[in-house]
Amino acid sequence: MNALHPTLFLVLALTAVIALPGCGAMQRHYEAGLILADIRAGEADSRWKRTRPAPERETVEYTGPTGVPRVADLYTPGDEVRSNLVLVHGFTEAGRRDPRLVQFAKTLSRAGFRVLAPEVETLTRMDVSPENIRDVVDAAHWLDARDDGEGVGVAAMSFSVATAVLAALEEDGRPHIGWIVGVGGYYDLVETLTYVTTGYFTEDGERRYQIPRVEGRWVVLLTQLDRVPDADDRRLLDRIARERLADPEAETGPLAERLSPPGRAVYALLTNRDPDRVPDLLAALPDGVRDEIKALNLANRDLSRLQAYLLLVHGRDDDVIPWTQSQALKQAAPRGQAELRLVTGLTHVDVDPGVVGAWRLLRAVNRLLLLRDDPPPTPSSANEP
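Quick look at the structure:
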């Protein structure tokens with residue numbers, strides 16, 4: 170058996186002391202500690218795995234309001250189904266079968282969530298697109314129909330958090346998405362791109378600097394390749410991005426010199442280090458890339474229409490999307506409809522907390538379990554007399 174991380178052992182010991190039989194709130198706290206330990210354990214043994222029946226996984230095919238064929242994995246708890254959750258994978262060629270996502274889905278399903286993990290085809294090829302909004306809407310629509318339309322939750326990470334929020338704003342998404350758990354998401358995509366490329370972000374009206382993850386800029390480039398109009402530019406930019414991901418010091422200048430003006434505009438933004446130049450560099454991008462950024466930018470949307478509750482979790486050490494983005498999203502949401510849990514030891518979506526960070530993560534998981542047990546009313550029921 171693998172040894173339990175000492176920080177999580179301490180958290181579990183504390184929760185075991187206060188988890189009194191018959192007390193729902195204390196029991197949830199204890200469950201949260203076991204879940205947090207299981208997330209860290211991955212495929213390894215854990216108390217959570219030993220004490221909760223394994224879920225059943227099946228592949229399902231469905232269509233949503235758009236009529237587009239979809240495929241997903243459905244994880245059904247081995248005992249009682251207590252809530253429904255759409256789990257959106259991130260950038261991974263393995264898609265819904267990424268081992269990390271599979272383990273996370275099993276962890277949640279052991280907690281009583283019926284989990285639907287849709288295959289988001291564009292994300293398997295490192296392409297974030299407004300099309301992803303329909304992936305989430307269709308998944309929520311199908312899953313909600315299985316349970317008398319009581320509403321479902323959506324869990325998303327990183328750039329997919331905005332996709333989930335946009336899905337909840339859609340006319341045919343609002344009745345089905347009751348709440349969203351977003352880890353490491355953004356609000357203003359322009360400010361996020363400024364940080365990814367230059368390391369500068371704004372906190373309390375002041376410009377701050379933090380070293381961004383070096384891979385971030387090249388991952389962003391890969392997500393926008395399909396919008397670059399020239400095929401030769403797409404091939405060159407793809408090669409540049411993959412060479413720099415493999416070796417951050419790789420010399421790609423000669424490849425960049427072969428780019429056409431639209432391709433060079435994309436390259437110029439991604440290699441820029443001056444935050445004051447970002448607006449002009451964005452304006453010079455090919456139309457397709459600019460349109461994509463505009464469509465996925467929550468700062469361009471009226472969030473007063475948002476009816477889904479937001480549980481936002483963000484690491485203070487995040488070096489891909491700064492925590493101030495989740496703070497801005499919380500502030501833009503209707504009053505009382507969003508909460509933000511800031512934690513240390515959460516580097517974007519990778520977990521390695523200290524004692525304080527583990528305790529805050531524990532409280533965030535506890536809030537997720539509260540949403541499971543006492544979800545906010547869906548928009549349709551909220552408007553009933």
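Residue numbers (my numbering): 170 to 554. We put the beta carbon where it would ideally sit given N, CA and C, even for glycine. Computed from a predicted model, the values in this text were never measured in an experiment.
Going by DSSP in three states, residue i sits in which element: helix, strand or coil?
i: PHE328; result: coil
i: HIS502; result: His is not the amino acid found at residue 502; the sequence shown has Ala there. Residue state, collapsed to three classes: coil.
i: SER252; result: strand
i: PRO544; result: coil
i: PHE282; result: strand
i: PRO190; result: In this prediction, PRO190 has a pLDDT of 45, which is less than 50 and means its spatial position is unreliable; what the coordinates show is noted afterwards. DSSP places PRO190 in coil when its eight states are reduced to three.
i: GLY558; result: Coverage of the chain is limited to positions 170 through 554, which leaves residue 558 absent and any answer about it impossible.
i: THR440; result: helix
i: ALA333; result: helix
i: GLY320; result: coil
i: GLU300; result: helix
i: LEU475; result: coil
i: VAL482; result: strand
Nearest to residue i by CA position, among the options, is which residue?
i: TYR478; options: ARG343, ILE380, GLU225, GLU360; result: ARG343
i: VAL352; options: PRO545, MET195, GLY193, GLU508; result: GLU508
i: THR493; options: ARG279, GLY374, GLU384, PRO246; result: GLY374
i: ALA501; options: ALA468, GLU249, GLY484, ARG529; result: ALA468
i: GLU225; options: LEU531, GLU200, ARG283, HIS198; result: ARG283
i: ALA425; options: ASP416, PRO417, ALA415, ALA410; result: ALA410
i: VAL435; options: TRP387, LEU475, PRO423, GLU420; result: TRP387
i: ALA280; options: LEU205, LEU451, ILE462; result: LEU205
i: VAL512; options: VAL397, GLN506, LEU531, ALA309; result: LEU531
i: GLU288; options: GLU339, LEU335, ALA337, TYR231; result: TYR231
i: ARG474; options: ILE208, GLU339, GLU290; result: GLU339
i: PHE370; options: GLN496, LEU539, ALA263, TRP217; result: GLN496
i: GLU418; options: ASN441, ARG470, GLU384, ASP407; result: GLU384
i: PRO222; options: GLU249, PRO381, VAL350, ASP416; result: GLU249
i: ASP395; options: LEU480, PRO545, THR291; result: THR291
i: ASP275; options: ARG294, TYR244, TRP348; result: For the record, residue 275 in the displayed sequence is Lys; it is not Asp. Measuring from the Cα of LYS275, the nearest candidate turns out to be TYR244.
i: PRO430; options: LEU450, THR293, ARG251; result: LEU450
i: ASP443; options: ASP488, ARG377, ALA309; result: ARG377
i: THR261; options: ALA241, PRO238, THR293, ASP456; result: THR293
i: ASP267; options: ARG209, GLN506, ASP242; result: ASP242
Provide the residue span of the beta strand (DSSP E) that contains residue i, from first to last.
i: TRP492; result: Where TRP492 is concerned, there is no enclosing beta strand (DSSP E), given that its DSSP letter is neither H nor E.
i: GLY351; result: 346-352
i: LEU342; result: Residue 342 is actually Gly in this sequence, not Leu. Here GLY342 belongs to no beta strand (DSSP E), and DSSP marks it neither H nor E.
i: ARG510; result: 507-512
Do residue j and residue i come within 7 Å of each other at the CB atom, strictly closer than that value?
i: VAL482; j: GLN393; result: no
i: ILE490; j: TYR355; result: yes
i: LEU390; j: LEU358; result: no
i: THR363; j: VAL229; result: no
i: VAL255; j: VAL321; result: yes
i: ALA201; j: LEU540; result: no
i: MET326; j: GLY259; result: yes
i: THR235; j: ARG303; result: yes
i: ALA331; j: VAL350; result: no
Using a beta-carbon distance below 7 Å, is residue i in contact with chain C?
i: ASP373; result: As a matter of chain content, chain C is missing from the structure shown, which is built from one protein chain.
Going by DSSP, what residue range makes up the alpha helix (DSSP H) through residue i?
i: ARG446; result: Run containing ARG446: none; DSSP gives neither H nor E here.
i: LEU424; result: 422-425
i: ALA419; result: Premise fails: ALA419 is in no alpha helix (DSSP H) and is neither H nor E.
i: GLU290; result: 290-293
i: ALA464; result: 456-464
> Where in the segment 355-401 do unbroken runs of the alpha helix (DSSP H), each at least 4 residues long, occur, reported from the N-terminal end onward?
Replying inline: Segments of the alpha helix (DSSP H) lying fully in the segment 355-401: 358-367, 385-392.
>> At 3 residues or longer, what runs of the beta strand (DSSP E) sit wholly inside the segment 189-272?
In response: 225-232, 238-245, 252-256
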